[in-house]
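A.B. asks: My questions all concern the structure below.
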Amino acid sequence: MCPELKQVVSTGSDKLVDKAVENSNEKFNTLANPTCSADVLLQILVVYLYGNDISFPVRALIDTGSQKSYITKEAVSKMSYEPIRAEDMIHNLFGGVESKQKHHLYKVYASSFQKDYHCSFEAYDQEKICIDIPTAISGPWTKEIEKRGIFLSDKEACLDDSASSVHLLIGADIAGATLNHLLDGAPDCYKMTAQHLQKSMYVDNCVASVKSEADLTKFINESREIMALGKFELRGWQHNSFESLRDNCNESQNASPILQDIPVLGLLWNIERDTLKIDVRNDTQSESVKVTKRYILSKCHKIFDPIGITAPITLIPKILLQETWKIKANWDDILPEEIVHKFEKWDRQLHQLNKLEIPRWIQGHKN
């Protein structure tokens with residue numbers, strides 16, 4: 072989480088808590104590692120934390136690059152929060168650096184700066200979330216922010232101490248709930264579109280189908296209006312409506328129409344043919360690479376196929392892996408020539424999967 076990857080030293084009180092928690096689980100967790108730049112305004116806001124007969128404002132950072140949410144040990148101590156459990160985590164940081172640490176999980180009670188919204192969620196403790204980040208300075212962008220209806224609580228709040236410190240990190244596990252809350256509270260006139268959006272959101276992608284050009288226009292316009300209520304911006308729309316394809320052909324005049332492959336949830340969608348295919352990168356094996364059990368396994372994992380259309384093809388290296396287990400080969404041992412020959416033949420033909428396409432829509436209808 073922090074630029075300084077130091078070992079967190081537990082205090083005496085932490086050790087007492089550790090003894091009370093049994094069977095801690097080890098988990099992998101991915102964290103963002105943003106660079107501090109004066110040219111970029113981070114998503115920092117001021118929220119109120121609540122404990123037993125106490126509340127105080129802290130700066131919170133919204134970071135969807137972090138899988139979990141975190142709170143500083145200083146804030147935990149002030150609020151007298153009790154730990155729920157302890158977990159061992161391996162943080163996968165920027166640049167591939169791994170850091171193994173133990174964190175205690177706490178129930179956090181918070182509200183907006185205006186105190187018109189209250190919520191509770193779970194967060195892990197951390198000695199320090201990030202380096203001190205100064206509040207936003209005034210500039211030409213100030214009026215632009217005001218025009219967009221954005222209130223900088225981080226700038227308006229008067230914090231007594233540690234004004235540049237961030238004590239709460241709201242990760243993807245909590246930030247994602249914001250979207251559902253927005254859609255659940257959509258105006259009645261947008262309820263149908265809001266329900267459609269809820270069924271169509273996958274991480275940061277919206278993948279949906281509609282029956283007509285009119286439905287498409289309505290869905291795009293109403294989706295934008297709904298998301299704008301929460302200061303979200305839906306952009307980068309791609310669709311294969313008849314009108315858009317006709318416009319593309321007119322723009323290209325007599326030239327052959329350009330086939331566009333759009334990335335969708337790890338697959339490639341050809342908007343003209345309305346087909347899906349997997350994205351197999353052409354990284355053929357180098358002659359200097361040793362074919363080992365580890366190499367075969369890594370090659371299998373490079374093929375991302377969530378719907379299983381390549382199962383008959385990806386079965387071949389899995390069978391070869393079974394053969395390596397039978398001969399009790401170690402992970403980095405050079406494999407027998409027979410296994411190597413079969414694998415290299417499969418690897419040379421792997422690029423042919425780029426030609427495999429399936430229809431996106433397979434359910435017929437009367438019209």
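Start counting the sequence shown at 72; every next residue gets the next number (this note's numbering).
Every residue gets a Cβ at the ideal spot worked out from N, C-alpha and C, and that includes glycine.
Which word fits F290, buried or exposed, when buried means at least 16 other C-beta atoms lie within 10 angstroms of its C-beta?
C.D. replies: Translated into the one-based positions of the sequence shown, residue 290 becomes position 219. Result: buried.
A.B. asks: Please go through the same chain and pick out, in chain order, the residues whose beta-carbon is closer than 7 Å to the beta-carbon of S224, but skip the five residues on each side of it.
C.D. replies: The sequence position of residue 224 within the sequence shown is 153, counting from 1. Closer than 7 Å at the Cβ level, and outside the excluded window around S224, lie L116, V117 and F184.
A.B. asks: Determine the extent of the alpha helix (DSSP H) in which R130 is found, giving its start and end residues.
C.D. replies: Here residue 130 refers to the residue found at position 59 of the sequence shown. Element bounds for R130: not the alpha helix (DSSP H) but the beta strand (DSSP E), I125 to I133.
A.B. asks: Who are I115's beta bridge partners in DSSP?
C.D. replies: Along the sequence shown, one-based indexing puts residue 115 at 44. Looking at the DSSP assignment, I115 forms a beta bridge with L132.
A.B. asks: Which value, in whole angstroms, describes the spacing of the CA atoms of E93 and S280?
C.D. replies: Taking the sequence shown and counting its residues from 1, one reaches residue 93 at position 22. Taking the sequence shown and counting its residues from 1, one reaches residue 280 at position 209. Residue placement at E93 is flagged as unreliable, the pLDDT there being 38, under the threshold of 50; a coordinate-derived value is accordingly withheld.
A.B. asks: Within 10 angstroms of the Cβ of V351, are there 16 or more other Cβ atoms? Answer buried if so, exposed if not.
C.D. replies: As a first step, residue 351 is located in the sequence shown; it is residue number 280 there, counting from the start. Buried, since its Cβ has 16 or more Cβ neighbours within 10 Å.
A.B. asks: Quick one: what's N311 bridged to in DSSP?
C.D. replies: Position 240 of the sequence shown, counted from the first residue, corresponds to residue 311. DSSP lists no partner for N311.
A.B. asks: Going by the beta-carbon positions, is the gap between L392 and L368 smaller than 8 Å?
C.D. replies: To locate residue 392, count along the sequence shown from 1; it is residue 321. To locate residue 368, count along the sequence shown from 1; it is residue 297. Yes, these two residues count as a Cβ contact at 8 Å.
A.B. asks: At which residues does the alpha helix (DSSP H) containing W417 begin and terminate?
C.D. replies: Residue 417 sits at position 346 when you count from the first residue of the sequence shown. Judged by DSSP secondary structure, W417 falls within the alpha helix (DSSP H) whose first and last residues are E408 to R419.
A.B. asks: Consult DSSP for P388 and reduce its assignment to one of helix, strand or coil.
C.D. replies: Here the question's residue 388 lines up with position 317 in the sequence shown. P388: helix per DSSP, three-state reduction.
A.B. asks: Between L223 and chain B, is the shortest Cβ-Cβ distance under 8 Å, so that the two count as touching?
C.D. replies: The structure shown contains no chain B; it holds only a single protein chain.
A.B. asks: From the DSSP output, which residues share a beta bridge with Y121?
C.D. replies: On the sequence shown, residue 121 is found 50 positions in, with the first residue counted as 1. Answer by DSSP bridge pairing, in chain order: S126.
A.B. asks: By the three-class DSSP mapping on this structure, what secondary structure does Y195 have?
C.D. replies: Taking the sequence shown and counting its residues from 1, the one referred to as residue 195 is at position 124. Residue state, collapsed to three classes: strand.
A.B. asks: Can you give the Cα-Cα distance for F192 and P383, rounded to whole angstroms?
C.D. replies: Counted from its first residue, the sequence shown places residue 192 at position 121. Counted from its first residue, the sequence shown places residue 383 at position 312. So the alpha carbons of these two residues sit roughly 44 Å apart.
A.B. asks: Using the C-alpha atoms, what's the distance from V147 back to A243?
C.D. replies: Here residue 243 refers to the residue found at position 172 when the sequence shown is read from its first residue. Here residue 147 refers to the residue found at position 76 when the sequence shown is read from its first residue. Spanning the two alpha carbons is a distance of roughly 21 Å.
A.B. asks: Check for me: the beta strand (DSSP E) holding W340 runs from which residue to which?
C.D. replies: Your numbering for residue 340 matches position 269 in the sequence shown. Annotation: the continuous beta strand (DSSP E) that includes W340 extends over L338 to N341.
A.B. asks: Report all residues from its chain with a CB closer than 7 Å to the CB of M150; omit the five preceding and five following residues, and keep chain order.
C.D. replies: Numbered from its first residue, the sequence shown carries residue 150 at position 79. Answer for M150: L120, G122 and I125, listed in chain order.
A.B. asks: Can you say whether E409 is buried or exposed, counting buried as having 16 or more other CB atoms within 10 angstroms of its CB?
C.D. replies: The residue given as residue 409 occupies position 338 in the sequence shown. Answer is exposed; the Cβ neighbour count stays below 16.
A.B. asks: Just the Cα atoms here: how many angstroms apart are D134 and W396?
C.D. replies: For this step, residue 134 is matched to residue 63 along the sequence shown. For this step, residue 396 is matched to residue 325 along the sequence shown. Approximately 42 Å between the Cα atoms of the pair.
A.B. asks: Taking L132 as the reference, give the member of M160, K171 and S236 with the closest Cα.
C.D. replies: Taking the first residue of the sequence shown as position 1, residue 132 is located at position 61. Selected option, being the one with the closest Cα: S236.
A.B. asks: Take the Cβ of D418 as the centre, count every other Cβ of all protein chains shown within 10 Å, and call the residue buried at 16 or more, exposed below.
C.D. replies: Within the sequence shown, residue 418 is the residue found at index 347, counting from 1. So D418 ends up on the buried side.
A.B. asks: Classify V362 as helix, strand or coil using the three-state DSSP reduction.
C.D. replies: Against the sequence shown, residue 362 aligns to sequence position 291. Here V362 sits in coil by DSSP.
A.B. asks: Any idea which residues DSSP pairs Y177 with across the strands?
C.D. replies: As a working note, residue 177 is residue 106 in the sequence shown. Per DSSP, P154 and A194.
A.B. asks: When the Cα atoms are used, what is the spatial distance from Q172 to I161?
C.D. replies: In the sequence shown, the residue the question calls residue 172 occupies position 101. In the sequence shown, the residue the question calls residue 161 occupies position 90. Rounded to whole angstroms, Q172 to I161 spans 6 Å at the Cα level.
A.B. asks: Tell me which same chain residues have a C-beta within less than 6 Å of the C-beta of L250, skipping the five on either side of it?
C.D. replies: Position 179 of the sequence shown, counted from the first residue, corresponds to residue 250. Closer than 6 Å at Cβ, skipping near neighbours: no residue.
A.B. asks: State the CB to CB distance for the pair S140 and I245, rounded to an integer number of angstroms; the pair is presumed to be in contact (CB under 8 Å).
C.D. replies: As a working note, residue 140 is residue 69 in the sequence shown. As a working note, residue 245 is residue 174 in the sequence shown. The pair is a contact, with the Cβ atoms about 5 Å apart (cut-off 8 Å).
A.B. asks: DSSP beta-bridge partners for T143?
C.D. replies: The count along the sequence shown starts at 1 and reaches residue 143 at position 72. Within the DSSP secondary-structure output, T143 pairs in a beta bridge with Q197.
A.B. asks: Tell me the rounded alpha-carbon separation between N311 and E145.
C.D. replies: On the sequence shown, residue 311 is found 240 positions in, with the first residue counted as 1. On the sequence shown, residue 145 is found 74 positions in, with the first residue counted as 1. N311 and E145: Cα-Cα distance of roughly 53 Å.
A.B. asks: Under three-state DSSP, which class holds N276?
C.D. replies: Mapped onto the sequence shown, residue 276 falls at position 205. The answer is strand: DSSP assigns N276 an E or B state.
A.B. asks: Which same chain residues, not among the five before or five after H412, have their C-beta less than 8 Å away from its C-beta?
C.D. replies: Taking the first residue of the sequence shown as position 1, residue 412 is located at position 341. Excluding positions up to five away in sequence, the list is empty.
A.B. asks: Measure from the alpha carbon of K348 to the alpha carbon of each residue in N401, P430, K370 and K186, then state which is nearest.
C.D. replies: Counting from one through the sequence shown, the residue named residue 348 turns up at place 277. Answer by Cα proximity: P430.
A.B. asks: Check this for me: beta carbons of T363 and L406, under 8 Å apart or not?
C.D. replies: The residue labelled residue 363 in the question sits at position 292 within the sequence shown. The residue labelled residue 406 in the question sits at position 335 within the sequence shown. Going by C-beta atoms, T363 is nearer than 8 Å to L406.
A.B. asks: Mapping DSSP to helix, strand and coil, what is S182?
C.D. replies: Position 111 of the sequence shown, counting from 1, holds the residue named residue 182. Correct three-state label for S182: strand.
A.B. asks: At what residues does the alpha helix (DSSP H) containing I297 begin and finish?
C.D. replies: Locating residue 297 in the sequence shown gives position 226, where the first residue counts as 1. Here the alpha helix (DSSP H) through I297 covers E284 to A299.
A.B. asks: Tell me, which residues are paired with A332 by DSSP?
C.D. replies: Here residue 332 is taken as the residue at index 261 of the sequence shown, counted from 1. Here residue 332 is Asp; the residue named in the question, Ala, does not match the sequence. Per DSSP, the beta bridge partners of D332 are N341.
A.B. asks: With H, G and I counted as helix, E and B as strand and the rest as coil, what does DSSP make of T346?
C.D. replies: As a first step, residue 346 must be located in the sequence shown, where it is residue number 275. Of the three classes helix, strand and coil, the one that applies to T346 here is strand, per DSSP.
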